[in-house]
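Asker: Mind the numbering: the sequence shown is residues -22 to -1, 1 to 308 in mature numbering (1 follows the signal peptide of the UniProt record, and there is no 0), read in order. Beta carbons are placed, not taken as given, at the ideal position from N, Cα and C, and that holds for glycine. Fair warning: this is a prediction, and the values are worked out from it, not measured in the lab.
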Amino acid sequence: MNRNRRLIMGAGLSAVATMAFARGEKHRALRDVSDVADVRTTSRASEALALWPSGRMPGGNGPTGPEHVSAKGSVTNVSHPRMNVYRPRKANGTAVLVISGGGYRHIELGSESGPACRWLQSLGVTAFELVYRLPGEGWVRTAPLQDGQRAMRVIRTAAASFGIDAQRVGVLGFSAGGHLAGMTAVTSHIDRYAPIDTTDTLSSKPNFAGLIYPVLSLVPPFDNTETRRQLIGEHPSLAEAIEFSVDRQVTATSPPTFLAQAKDDPVSPVDNSLMMFNALRKNDVLAEMHIFQAGGHGWGMGQPGSLVHAWPALFETWAVYNKLIPGVLA
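(1) Please classify residue 377: is it buried, with 16 or more other beta-carbons within 10 angstroms of its beta-carbon, or exposed?
(2) Terminal residues of the continuous alpha helix (DSSP H) containing Asn250?
(3) On the three-pair Cβ rule with 8 Å, is the segment 141 to 150 touching the segment 42 to 60?
(4) Determine the extent of the alpha helix (DSSP H) in which Arg60 is found, giving its start and end residues.
(5) For residue 324, which residues from the same chain have a beta carbon less than 7 Å from its beta carbon, with the 5 sequence-adjacent residues on both sides left out?
(6) Around the C-beta of Glu266, are 16 or more other C-beta atoms found within 10 angstroms, so that it is buried, or is it exposed?
(7) Pick from Asp242, Thr54, Asn185, Tyr299: whose alpha carbon is nearest that of Arg134?
(8) Between the alpha carbons of Ala288 and Gly148, how many angstroms are there, rounded?
(9) Starting from Gln239, trace the beta strand (DSSP E) both ways and give me its first and last residue.
(10) For Leu87, which residues of its own chain have a beta-carbon under 6 Å away from its beta-carbon, when the five flanking residues on both sides are left out?
(11) Would you say Ala137 and Leu29 are within 8 Å of each other, going by their C-beta atoms?
(12) Quick one: give me the first and last residue of the alpha helix (DSSP H) that Gly126 is part of.
(13) Straight-line CA distance for His84 to Glu45?
(14) Would you mind giving the Cβ-Cβ distance between Val193 and Asn250, rounded to the nearest angstrom? I have them listed as a contact below 8 Å.
(15) Taking 8 Å as the cut-off, decide whether the C-beta atoms of Val76 and Ala94 are in contact.
(16) For the candidate residues Ala154, Leu98, Met253, Pro233, whose alpha-carbon lies nearest to that of Leu123?
(17) If you draw a straight line from the alpha carbon of Val164 to that of Arg67, how long is it in whole angstroms?
(18) Within 8 Å of any Cβ in chain C, is that where the Cβ of Trp296 sits?
(19) Helix, strand or coil, according to DSSP, for Val47 in the structure here?
(20) Rounded C-beta distance between Asp225 and Ala272? I'm assuming under 8 Å.
(21) Taking only three categories from DSSP, how would you classify Val229?
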């Protein structure tokens, strides 16, 4: 792939590392980008962790009947939010909460979080795939945000048993899952539910975030998304739109963040990532952004031969450089 065709904007990555990657030189932290596809179907989740104790889940009553899973792995009718756990053969101490998109109407486990979890698992990262509640299924609109906060706390509660460093717990989100990941990252100071047990004494703030073709702004003119409609309705006030726009909630205490999006994204305008990067930069938060010339929306891990197929290797390089994932840049 011609690396010069890609616009790369970032902070926190050294010039030496950037030049080495641009020349296609290998380093010990990464496999070749083409190897990413090979881990998509080689392993599965080993177990599931419930987010809430029986009878103590906040946020309304939710749907009845069984959970629905499409042939392609899209999930709806979620009444039992949980995390599917992907344990690596040898845990390296890092954990990542992985969140699929679907416009808060469904959850694309099959095309987004599943492949991403298997890739992270292959790096030695313990991956937690979030199956979260959907606002349109009878829950309060903040139910997915409650699940995001609770998931981070449950991971930290179980850190020792999974061989995880509680100070290396990140979040990775796609599309609307990028919105949920972003809100989890930048609004941890807002308690989305009343504490129910000792797990809720732990921090819900991720140590780092990856936002992939994310929906971040719910403010006009960037509000023509299913994410906005499902989360805050057809006619929200400007104050509501700002409250639920990730880029508007960034502060100097926001975690290091990686952004990747295609310039021709027809669902979430590329302005979402541009505005988020600028907010992070203005607050002096470690950040890196990759805007690809082409790729559209919903590419997950990226098809081999596409420009966007480079993002997993770029994310790993960034994470290793910032000591979020153990490794050596050579």
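Answerer: Working from what's here:
(1) Any question about residue 377 goes unanswered here, given that the chain covers just -22 to 308.
(2) That run of the alpha helix (DSSP H) goes 249 to 260.
(3) no
(4) Segment 60 to 64 is the beta strand (DSSP E) holding Arg60; no alpha helix (DSSP H) there.
(5) Given a span of -22 to 308 for the chain in the structure shown, any question on residue 324 remains unanswerable.
(6) Per the 10 Å Cβ criterion, buried.
(7) Comparing Cα-Cα distances from Arg134 to each of Asp242, Thr54, Asn185, Tyr299, the minimum goes to Asn185.
(8) For Ala288 and Gly148, the distance between alpha carbons rounds to 20 Å.
(9) 235 to 240
(10) The answer, listed in chain order, is Gly51, Val53, Ser78.
(11) no
(12) Gly126 -> alpha helix (DSSP H) spans 121 to 135.
(13) So the two alpha carbons sit approximately 11 Å from each other.
(14) 6 Å between Cβ atoms; contact.
(15) yes
(16) Ala154
(17) 32 Å
(18) Of the chains in the structure shown, none is chain C; there is only one protein chain.
(19) If DSSP states are grouped into helix, strand and coil, Val47 belongs with the strands.
(20) Asp225 to Ala272, Cβ: 24 Å. No contact.
(21) For the sequence presented, residue 229 should be read as Thr rather than Val. Correct three-state label for Thr229: coil.
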